[in-house]
Amino acid sequence: MIFKRVGDSRPYPDHGYVQKQWSGIPPVQVRLDQLVTTKSTLDLGNLLEDDSTFYGDLFAHVVAWRGELYLEDGLHRALRAALQQRQTVHARVLELH
């Protein structure tokens, strides 16, 4: 199993964070098997592109809410890490209360 669970929505409240605010959160390593996805599908073209993070953040975005870690942005990065036999991904983790 790669992820803790595959979800298809964001069950947590809207946090309103924009890219600039996310960039203020220092990245940490997060285990893939602790993540719950918020998307159940992906685009293989994006997964396989070398420069898929060119316009985005280099780190995945994870929301911690009610004891779960939700992978909000970075599904492609996380899957690439799994394909490379890595068990962790660097992510910015936003704690919601």
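Here the sequence shown is numbered in the working numbering, starting from 45 and rising by one per residue. Glycine included, C-beta positions come from ideal geometry on N, C-alpha and C.
Helix, strand or coil for residue i? Go by DSSP, reduced to three states.
{"i": "residue 54", "result": "coil"}
{"i": "residue 127", "result": "helix"}
{"i": "residue 119", "result": "helix"}
{"i": "residue 138", "result": "strand"}
{"i": "residue 88", "result": "helix"}
{"i": "residue 102", "result": "coil"}
Please state whether the Cβ-Cβ distance between residue i and residue j is less than 8 Å.
{"i": "residue 130", "j": "residue 104", "result": "no"}
{"i": "residue 76", "j": "residue 108", "result": "no"}
{"i": "residue 88", "j": "residue 119", "result": "no"}
Can you round the beta-carbon distance between residue i and residue j to whole angstroms, since I take them to be within the 8 Å contact cut?
{"i": "residue 63", "j": "residue 101", "result": "7 Å"}
{"i": "residue 71", "j": "residue 135", "result": "6 Å"}
Which residues in the same chain as residue i place their Cβ atom closer than 7 Å to its Cβ, once the five residues preceding and following it in sequence are excluded?
{"i": "residue 82", "result": "51, 53, 54, 114, 115, 116"}
Once you ignore the five residues that flank residue i on each side, which residues in its own chain have a CB closer than 6 Å to its CB?
{"i": "residue 80", "result": "48, 49, 51, 112, 114"}
{"i": "residue 84", "result": "50, 52"}
Report whether the distance from the Cβ of residue i to the nearest heavy atom of the ligand SAH is below 7 Å.
{"i": "residue 124", "result": "This structure does not include the ligand SAH; it has no bound ligands of any sort."}
Identify, in the order they occur along the chain, each residue of the same chain with its Cβ nearer than 8 Å to the Cβ of residue i, setting aside the five sequence neighbours on each side.
{"i": "residue 140", "result": "56, 57, 59, 107, 108, 109"}
{"i": "residue 78", "result": "48, 113"}
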